[in-house]
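Beneath this line is the structure, given in structure tokens, with notes to follow.
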Amino acid sequence: MGPLDIFDWLTKEEWLAILRIGLGLWWLESVRHKNLQDFLKGGSRNWVDGLVEDHPVSAFSNILKATALRNERTWVITSWMVVLGELVAGISITLGLLTFGGLILAAFLNLNYLLLAGLKDQGEQGQNLMMILIAVVLFASGAGEVWGVDAVIF
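Under the numbering used here, the first residue of the sequence shown is numbered 44, with each subsequent residue one higher.
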């Protein structure tokens, strides 16, 4: 009996499916833990303004100021897009439904969160990096093919 035999009760593909489902649930938790009433009315604006103010990547800061932070309306729209993006990524990845699209969306969101924080050491940076790594591994391994709707549809 080798050292990895305790994991032989599932195939490698099934372990990757568990990882995929876990990542999807992580995204759904990201939506669930928000104070949605406040968030969807633009309640996180002051926090984002503070991150953008002295941002080390001025091009990213300028893009945010010209689009999402231009006025209250664009900020509320951006807040809705963030929540809907996280929800779509979570459902897609958890169910293995259009998994590659969900993984690309998830990696895009995480990269934006990293850029927003200015690539400096702030609380959730490790989480964002780990979620990107998991998304890349799942994307490369065809993770929607086991225990996913993609396996039934395609």
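Cβ coordinates follow ideal geometry from the N, Cα and C atoms, glycine included.
Query, Result
"State yes or no: is the C-beta of Ala160 within less than 8 Å of the C-beta of Ala178?", "no"
"Among the candidates Asn155, Ala132, Gly128, Leu83, whose CA atom is the shortest distance from the CA of Ser122?", "Leu83"
"Would you say the segment 168 to 187 touches the segment 93 to 108, given that touching needs at least three Cβ pairs under 8 Å?", "no"
"Helix, strand or coil: how does DSSP classify Arg63 here?", "helix"
"Work out the CA separation of Phe182 and Ile175 for me, nearest whole Å.", "10 Å"
"Contact defined as beta carbons within less than 8 Å: I believe Ala132 pairs with Leu157. What is the distance between those atoms, to the nearest angstrom?", "The Cβ separation is near 16 Å, so there is no contact."
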